[in-house]
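Below is one structure; the comments refer to it alone.
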Amino acid sequence: MRYLPIVLLGIGISLYVLLFLLVTYPATCANFERLSGGLYTCGLGPGAYLLAFGIGLALFVWLYLLYSALMSSLEYSWE
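For the sequence shown, the working numbering begins at 53 and goes up steadily by one.
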């Protein structure tokens, strides 16, 4: 249980980065394109989707670590 704050922090950072990469950044890009009248264009390249896939996998690892920490704490609580 002593590693629980680190695991929760890792989950939070992973979720924040995925939210920014897949939701906030494209919306901000669309606003920049609209405000500049088409002079400024931006978009997500294939690298961004690979990064999102990697962070998604890391999120599953964090969730597994959380599950394993909680299960081991329950296992020791019965003794």
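Ideal Cβ positions, reconstructed from N, Cα and C, are used throughout, including at glycine.
Residue-level contact to chain B via CB, residue i, 7 Å cutoff
| i | result |
| --- | --- |
| GLY97 | The structure shown contains no chain B; it is built from a single protein chain. |
Span of the alpha helix (DSSP H) around residue i
| i | result |
| --- | --- |
| ARG86 | 77 to 87 |
| GLY97 | GLY97 -> no alpha helix (DSSP H), and no H or E assigned at all. |
| GLY62 | 56 to 71 |
Other residues of its chain near residue i: CB distance less than 6 Å, five sequence neighbours each side excluded
| i | result |
| --- | --- |
| ALA110 | SER66 |
Selected residue, minimal CA-CA separation from residue i, among the options
| i | options | result |
| --- | --- | --- |
| LEU91 | TYR116, GLY99, ALA82 and LEU70 | ALA82 |
| GLY95 | TRP114, LEU73, PHE105 and TYR116 | LEU73 |
| GLY97 | PHE84, TYR77, TYR119 and LEU118 | TYR77 |
| ILE107 | ARG54, LEU70 and PRO57 | LEU70 |
Close beta carbons around residue i, own chain, < 7 Å, minus the five adjacent residues each side
| i | result |
| --- | --- |
| TRP114 | VAL59, GLY62, ILE63 and SER66 |
| ALA100 | LEU73 |
| TYR55 | ALA121 |
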